[in-house]
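Student:
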Amino acid sequence: MAESGERLLTRAPGRLPVVGVMGSGRDPHAARARRVGAWIAAAGCHLVTGGGEGVMEAVTEAFVGVPDRPGRAIGILPGSGGGPGAPAPGETPPGYPNRWVEIAIRTHLDARGARGDGADSRNHLNVLTSDVVIVLPGGAGTASEARLALRYGRPAVAYLANRTDVPGLPEAIPVETRFARVQAFVRAACRWQAAPPDALTR
301 MAESGERLLT
311 RAPGRLPVVG
321 VMGSGRDPHA
331 ARARRVGAWI
341 AAAGCHLVTG
351 GGEGVMEAVT
361 EAFVGVPDRP
371 GRAIGILPGS
381 GGGPGAPAPG
391 ETPPGYPNRW
401 VEIAIRTHLD
411 ARGARGDGAD
421 SRNHLNVLTS
431 DVVIVLPGGA
441 GTASEARLAL
451 RYGRPAVAYL
461 ANRTDVPGLP
471 EAIPVETRFA
481 RVQAFVRAAC
491 RWQAAPPDAL
501 TR
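Residues are numbered in the numbering used here as their position in the sequence shown, beginning at 1, plus a constant of 300.
(1) To the nearest angstrom, report how far apart Asn459 and Ser380 are at their CA atoms.
(2) How long is the line joining the alpha carbons of Gly320 and Gly354, rounded to whole angstroms?
(3) Using CA coordinates, which residue listed in Arg451, Ile376, Gly395 is at the minimum distance from Arg422?
(4) Is Ser380 helix, strand or coil by DSSP?
(5) For Ala472, which three-state DSSP category applies?
(6) Would you report the Cα separation of Pro393 and Arg315, rounded to the nearest angstrom?
(7) Using 8 Å as the Cβ pair cut-off and three pairs as the minimum, do the stretch 337 to 347 and the stretch 445 to 462 touch?
(8) Specify, as a first and last residue, the run of the alpha helix (DSSP H) that Ala333 falls within.
(9) Let me confirm a value: Pro397 is counted as buried when at least 16 other C-beta atoms fall within 10 Å, else exposed. Which label applies?
(10) What number of angstroms, rounded off, separates the C-alpha of Pro474 from the C-alpha of Gly468?
(11) Answer with yes or no whether the minimum CB distance from Ser421 to chain D is below 9 Å.
(12) Quick one: grab the DSSP three-state call for His424.
(13) Can you list, in chain order, the residues of its chain with a C-beta nearer than 8 Å to that of Leu425? Leave out the 5 residues immediately preceding and following it.
(14) Looking at the unbroken alpha helix (DSSP H) that takes in Arg481, where does it start and where does it end?
(15) Assess contact between the stretch 331 to 342 and the stretch 356 to 375, defined as three or more Cβ pairs (one per stretch) separated by less than 8 Å. Is contact present?
(16) Assuming Gly351 and Gly441 form a contact by the criterion Cβ under 8 Å, report the distance between their Cβ atoms to the nearest whole angstrom.
(17) Only counting the same chain, and skipping five residues up and downstream in sequence, which positions put a Cβ closer than 8 Å to that of Trp400?
(18) Is the Cβ-Cβ distance between Val435 and Pro455 less than 9 Å?
(19) Among Arg478, Ala443, Arg487, Val486, which has the Cα closest to the Cα of Ala472?
(20) Name the DSSP beta bridge partners of Met322, please?
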């Protein structure tokens with residue numbers, strides 16, 4: 301958490317940092333996800349995820365559970381490619397958005413998983429919207445978001461027990477097992493400074 305009585309701000313006046321959290325759409329990895337989500341909220345930041353289940357839901361639930369936070373939970377949603385039994389093209393697939401998302405951004409981009417860094421994937425938006433990216437355990441889609449963070453020059457850190465928790469995670473992405481090290485990375489990446497809570501409403 302941020303220090304008692306303080307939140308974290310970017311040095312850009314009037315703008316809250318946006319922290320992207322990327323992880324599994326199936327397994328919530330609840331302990332890690334909740335720790336990350338609650339801290340992002342308490343630090344006075346916006347949260348962006350892919351708006352679905354698993355890690356995305358767990359981190360967002362923890363984020364919105366923090367009272368008096370200035371940030372909002374943003375979910376960038378995939379579209380449907382259509383086809384038999386699928387929603388019409390442009391509609392949102394089942395499971396999106398999860399019930400904790402406050403701002404849902406619907407897209408026409410349907411590629412996910414192993415196709416997650418293709419031109420028809422919303423993962424580009426997930427990463428480009430973020431000032432800094434935290435990678436939690438996940439699969440091919442999570443690895444693709446880590447690759448995109450490198451492509452677009454977004455600072456990214458993985459909060460994992462082992463690098464193998466994200467198969468295919470690029471070697472250039474640092475892995476931290478201690479949450480305090482993740483916090484330090486994010487602070488440094490955003491060039492944050494401590495500020496009193498009333499600075500957010502001036």
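Even for Gly, the Cβ is constructed at its ideal location relative to N, Cα and C.
Tutor: So, from the listed chains and residues:
(1) The sequence given here places Tyr at residue 459; Asn does not occur at that position. If I take the Cα positions, the gap works out to 30 Å.
(2) 15 Å
(3) Ile376
(4) coil
(5) coil
(6) 32 Å
(7) no
(8) 330 to 342
(9) buried
(10) 13 Å
(11) Given the protein chain composition of this structure (a single chain), no chain D is represented.
(12) helix
(13) Ile376, Ile405, Thr407, Leu409
(14) 479 to 490
(15) yes
(16) Rounded, the Cβ-Cβ distance is 13 Å, inconsistent with contact.
(17) Glu357, Thr360, Glu361, Phe363, Val364, Ala373
(18) no
(19) Ala443
(20) Val435
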